[in-house]
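Q: Below you will find the structure I want to go over with you.
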């Protein structure tokens with residue numbers, strides 16, 4: 001077995017490592033205006049105060065990395081994203097996942113970011129790879145890549161594996177990006193529409209881990225969309241995904257039920273030496289309630 005690939009992310013003063021032999025990386029998803037009308041209106045008005053509350057809540061919940069997305073219609077997204085990243089970095093030392101589909105916004109975010117960012121995201125389309133990978137290389141960042149193309153989100157594991165292989169080949173051979181810096185999103189779909197999609201995602205994860213060894217992430221909340229009691233579903237799904245090879249997830253760390261399930265799975269997967277992190281967290285909780 002070859003050495004596990006380590007994706008190293010940094011802020012100005014802290015390092016976080018994704019790896020198949022590391023504790024699961026929790027990427028806090030809340031700093032995102034999608035579906036939050038009040039937050040969008042505040043951002044349009046230049047009021048970034050909600051970001052401060054979101055940062056605090058995600059950090060307190062146990063986030064290792066913070067995803068920052070400023071996709072607000074009718075705003076200057078590059079300027080807004082750069083401002084938000086600078087604000088987040090003034091509030092916490094956690095590394096940041098810079099999240100945008102707009103190339104100019106990614107560049108603006110990377111240009112002000114202190115450290116080594118994760119960029120969210122790129123797809124397997126040639127034009128997207130050509131637009132985003134040079135930026136990732138220039139700013140020495142890591143990249144989340146989704147194995148879908150112009151046609152569709154592939155529903156079969158084989159097609160997802162083909163596109164994963166393409167992304168890795170193009171990134172490493174044409175752009176000189178290290179394999180360790182490619183984080184694949186195996187495409188977790190909502191089970192509310194079709195419960196078989198989860199099995200395809202688990203198969204995709206296992207095969208990506210076994211054939212390529214790269215790190216993986218996904219939008220964990222997406223899996224339970226449209227279903228009741230989403231927290232219980234999330235708390236079951238993430239440990240299952242971890243055993244299939246998922247090494248991080250973009251998730252809402254304000255939900256202790258899900259965060260605790262992940263931390264418990266780390267213990268059983270031997271990613272928490274002697275269970276020390278689990279024991280320390282338990283003691284801290286006990287001390288706080290006392």
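Numbering (full-length UniProt numbering), first residue to last: 1 to 290.
Just so you know, even glycine gets a beta-carbon here, dropped at the ideal spot from N, CA and C.
Being a predicted model, the structure only gives us computed values, none of them experimental.
1) What number of angstroms, rounded off, separates the C-alpha of residue 95 from the C-alpha of residue 101?
2) Within 10 angstroms of the Cβ of residue 80, are there 16 or more other Cβ atoms? Answer buried if so, exposed if not.
3) In the DSSP assignment, what residue or residues form a beta bridge with residue 217?
4) Once DSSP output is grouped into helix, strand and coil, what is the label at residue 254?
5) Just to confirm, is the Cβ distance from residue 197 to residue 186 under 7 Å?
6) So what does DSSP say about residue 100, is it helix, strand or coil?
7) Quick one: what does DSSP say residue 259 is sitting in, helix, strand or coil?
8) Using a 10 Å radius around the Cβ and a threshold of 16 neighbouring Cβ atoms, would you call residue 120 buried or exposed?
9) Exposed or buried, what is residue 195 when buried is set at 16 or more other beta-carbons lying within 10 Å of its beta-carbon?
10) By the 10 Å Cβ neighbour count, where 16 or more other Cβ atoms means buried, how is residue 285 classified, buried or exposed?
11) Identify whether residue 28 lies in helix, strand or coil by the three-state DSSP scheme.
12) What span of residues does the alpha helix (DSSP H) with residue 90 cover, start to end?
13) Check this for me: beta carbons of residue 18 and residue 247, under 7 Å apart or not?
14) With 16 other CB atoms within 10 Å as the buried threshold, where does residue 289 fall?
15) If I'm right that residue 91 touches residue 141 with Cβ under 8 Å, what's the distance once you round it to whole angstroms?
16) Please state whether the Cβ-Cβ distance between residue 31 and residue 250 is less than 7 Å.
17) Specify the secondary structure class of residue 13 as computed by DSSP and reduced to three states.
18) Beta carbon of residue 161, beta carbon of residue 207: below 7 Å?
19) With a threshold of 16 other CB atoms inside 10 Å of the CB of residue 228, please say whether the residue is buried or exposed.
20) Taking the alpha-carbon positions, what's the residue 103 to residue 175 distance?
21) Could you spell out where the beta strand (DSSP E) holding residue 123 opens and where it closes?
22) From residue 242 to residue 265, what does the alpha carbon distance come to, in whole angstroms?
23) Which residue's Cα is closest to the Cα of residue 263: 22, 2 and 192?
24) Which residue wins for smallest C-alpha separation from residue 146, given the options 87, 137, 117 and 219?
25) If you measure between the beta carbons of residue 170 and residue 118, is that distance less than 7 Å?
26) By how many angstroms is the C-alpha of residue 225 removed from the C-alpha of residue 276?
27) Could you check what DSSP says for residue 296 in three-state terms: helix, strand or coil?
A: Based on what the coordinates show:
1) 20 Å
2) buried
3) For residue 217, which the question treats as bridged, DSSP gives no partner whatsoever.
4) coil
5) no
6) coil
7) helix
8) buried
9) exposed
10) exposed
11) strand
12) 77 to 91
13) yes
14) exposed
15) The Cβ separation is near 21 Å, so there is no contact.
16) no
17) coil
18) yes
19) exposed
20) 17 Å
21) 118 to 123
22) 8 Å
23) 22
24) 219
25) no
26) 34 Å
27) Not covered by the structure: residue 296. The range shown for the chain is 1 to 290.
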